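Engineer: Structure incoming, see below.
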Amino acid sequence: MKIPRINPFCILALLTLDHVESVTADKPAQSAPQAWITGTESGWRAMREEEFVNVNCTDDTWSFEGNLIKCTGKPVGVIRTKKMIKNLELVVEWKHKKYGGNSGVFLWATPDSIKRLEEGKGRLPAGIEVQVLDLGYAELYEKRHKKPSDWFTSHGDVFPTQNAKMKPFPPVAPNGKRSFPSKNTTKEAGEWNHYYIRAINGEVRLWVNGVEVSGGTDCQPATGYLCLESEGAPIEFRNLRIRELP
Numbered sequence: 003m004k005i006p007r008i009n010p011f012c013i014l015a016l017l018t019l020d021h022v023e024s025v026t027a028d029k030p031a032q033s034a035p036q037a038w039i040t041g042t043e044s045g046w047r048a049m050r051e052e053e054f055v056n057v058n059c060t061d062d063t064w065s066f067e068g069n070l071i072k073c074t075g076k077p078v079g080v081i082r083t084k085k086m087i088k089n090l091e092l093v094v095e096w097k098h099k100k101y102g103g104n105s106g107v108f109l110w111a112t113p114d115s116i117k118r119l120e121e122g123k124g125r126l127p128a129g130i131e132v133q134v135l136d137l138g139y140a141e142l143y144e145k146r147h148k149k150p151s152d153w154f155t156s157h158g159d160v161f162p163t164q165n166a167k168m169k170p171f172p173p174v175a176p177n178g179k180r181s182f183p184s185k186n187t188t189k190e191a192g193e194w195n196h197y198y199i200r201a202i203n204g205e206v207r208l209w210v211n212g213v214e215v216s217g218g219t220d221c222q223p224a225t226g227y228l229c230l231e232s233e234g235a236p237i238e239f240r241n242l243r244i245r246e247l248p
């Protein structure tokens, strides 16, 4: 009986393929940097109503119910911390109650700009804004202007306002000021989103739902008030927690 000959190159190919599949199966999948910080770790504390001052909203714009903060969105304005804060880590969950809602967290808001707001001059402070924007805002913009926006996103822009300055992390908006998110991880209106913000020595970094997406460095100012923004639509914040750093 004649035994068929086996091509040695076929054996080599099969062994190589088996090795590749084995290595591939053992190698963990690559993923974006994760940071699902809850604010319950050592050094963190919950922020309470008594730590905030109403700057230029009405008495019923903001309400605190335990770990829940409700905002009607009207008028446009902010509440601020009673004291200025330099270095901090912040976690907060937020949920827009209306399609296309807008809000934000201000870091290092300047005393001069806050004073002007208290005097009825203007609506929002100078500082570094971490935007809190519903997905519907960009969709409404595109319908209205017949093209997508090239100057904002709904996934966690970070940018300086008024005379504040920041060197944004890429990708950068066409105007050179905004740090656009590297990933789109924001959930739609009616769902809770999670922000973890690090603001240390003039550098800001933002994680949206556990993924680092945007930020900037060389921020001026690098100390000031922490503010929550009311901007036209109802929104809720919860589990606002802070860790102040030296």
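Here the sequence shown is numbered in my numbering, starting from 3 and rising by one per residue.
For each residue, glycine too, the CB sits at the ideal point set by N, CA and C.
Bear in mind the structure is a predicted one, so any value in this text is a computation, not a measurement.
1. Can you tell me the Cα-Cα spacing of G234 and I202, whole angstroms?
2. Return the residue from the list C221, P236, N241, S232 that minimises the CA-CA distance to V107.
3. On the premise that I199 lies in contact with L92, defined as a C-beta separation below 8 Å, what is that separation, rounded to the nearest angstrom?
4. Compare the beta carbon distance of G226 and M86 with 8 Å and say whether it is the shorter of the two.
5. One question on the structure: do R251 and I71 come within less than 8 Å of each other, judged by their Cβ atoms?
6. Identify every residue that forms a DSSP beta bridge with C229.
7. Apply the 10 Å Cβ neighbour rule to G79 and answer buried if 16 or more other Cβ atoms are within range, or exposed otherwise.
8. Taking the alpha helix (DSSP H) that H147 falls in, what are its first and last residues?
9. Using only alpha-carbon positions, find the residue among Q222, N211, G204 that is nearest to L90.
10. Determine the extent of the beta strand (DSSP E) in which D220 is found, giving its start and end residues.
11. When you compare each of K179, R180, H196 to T187 by their alpha carbons, which one comes out closest?
12. Below 8 Å, how does it come out for the segment 155-175 and the segment 46-55: are there three or more Cβ pairs, yes or no?
13. So what does W64 bridge to, in DSSP terms?
14. Taking Cβ to Cβ, would you say V132 is nearer than 8 Å to S105?
15. Quick test of your reading: K100 and V55, contact by CB under 8 Å. State the CB separation rounded to the nearest angstrom.
16. Ignore the nearest five residues each way along the sequence and tell me which others in S115's own chain have a CB closer than 6 Å to its CB.
17. Please confirm whether D220 and K169 have their CB atoms less than 8 Å apart.
18. Span of the alpha helix (DSSP H) holding I116?
19. Below 8 Å on the Cβ atoms is my guess for L228 versus V94; work out the distance and round it to an integer in Å.
20. Could you name the residues of the same chain whose beta carbon sits closer than 6 Å to that of F66, not counting the 5 residues immediately before and after it, in chain order?
Structural biologist: Taking the geometry as given:
1. Residue 234 sits at position 232 when you count from the first residue of the sequence shown. Residue 202 sits at position 200 when you count from the first residue of the sequence shown. So the alpha carbons of these two residues sit roughly 30 Å apart.
2. Taking the first residue of the sequence shown as 1, we reach residue 107 at position 105. Ranked by Cα distance from V107, the options C221, P236, N241, S232 are led by S232.
3. Looking up residue 92 in the sequence shown gives position 90. Looking up residue 199 in the sequence shown gives position 197. By a beta-carbon distance limit of 8 Å, L92 contacts I199. Their separation comes to about 4 Å.
4. Counting from one through the sequence shown, the residue named residue 226 turns up at place 224. Counting from one through the sequence shown, the residue named residue 86 turns up at place 84. It is a contact, given that the beta carbons lie within the stated cut-off.
5. The first residue shown for the chain is 3 and the last is 248, placing residue 251 beyond what the model contains.
6. Counted from its first residue, the sequence shown places residue 229 at position 227. Note: C229 is bridge-paired with R82, F108 in the DSSP secondary-structure output.
7. By 1-based counting over the sequence shown, the position of residue 79 is 77. So G79 counts as buried.
8. By 1-based counting over the sequence shown, the position of residue 147 is 145. In the DSSP assignment, H147 falls within the unbroken alpha helix (DSSP H) covering 137-147.
9. If you number the sequence shown from 1, residue 90 lands on position 88. If you compare the alpha carbons of Q222, N211, G204 with that of L90, the shortest gap goes to G204.
10. In the sequence shown, the residue the question calls residue 220 occupies position 218. D220 -> beta strand (DSSP E) spans 213-222.
11. Stepping through the sequence shown from its first residue, residue 187 is reached at position 185. For T187, the closest C-alpha among the options K179, R180, H196 is that of H196.
12. With a cut-off of 8 Å, the segment 46-55 and the segment 155-175 do not count as touching, because too few Cβ pairs lie within range.
13. Position 62 of the sequence shown, counted from the first residue, corresponds to residue 64. Looking at the DSSP output, W64 bridges to C73.
14. Reading the sequence shown from its first residue, position 130 is the one you call residue 132. Reading the sequence shown from its first residue, position 103 is the one you call residue 105. Using a Cβ distance threshold of 8 Å, V132 and S105 do not count as a contacting pair.
15. On the sequence shown, position 98 is the one that residue 100 refers to. On the sequence shown, position 53 is the one that residue 55 refers to. About 26 Å; that fails the 8 Å criterion.
16. Looking up residue 115 in the sequence shown gives position 113. So the list reads P127, A128, once near-sequence residues are dropped.
17. Walking along the sequence shown from the start, residue 220 turns up at place 218. Walking along the sequence shown from the start, residue 169 turns up at place 167. Less than 8 Å separates the beta-carbon of D220 from that of K169.
18. As a first step, residue 116 is located in the sequence shown; it is residue number 114 there, counting from the start. Counting along the chain, the alpha helix (DSSP H) containing I116 begins and ends at 113-120.
19. Walking along the sequence shown from the start, residue 228 turns up at place 226. Walking along the sequence shown from the start, residue 94 turns up at place 92. Contact check for L228 and V94: beta-carbon distance about 10 Å, past the 8 Å limit, so the pair fails to qualify.
20. Position 64 of the sequence shown holds residue 66. Closer than 6 Å at the Cβ level, and outside the excluded window around F66, lie E51.
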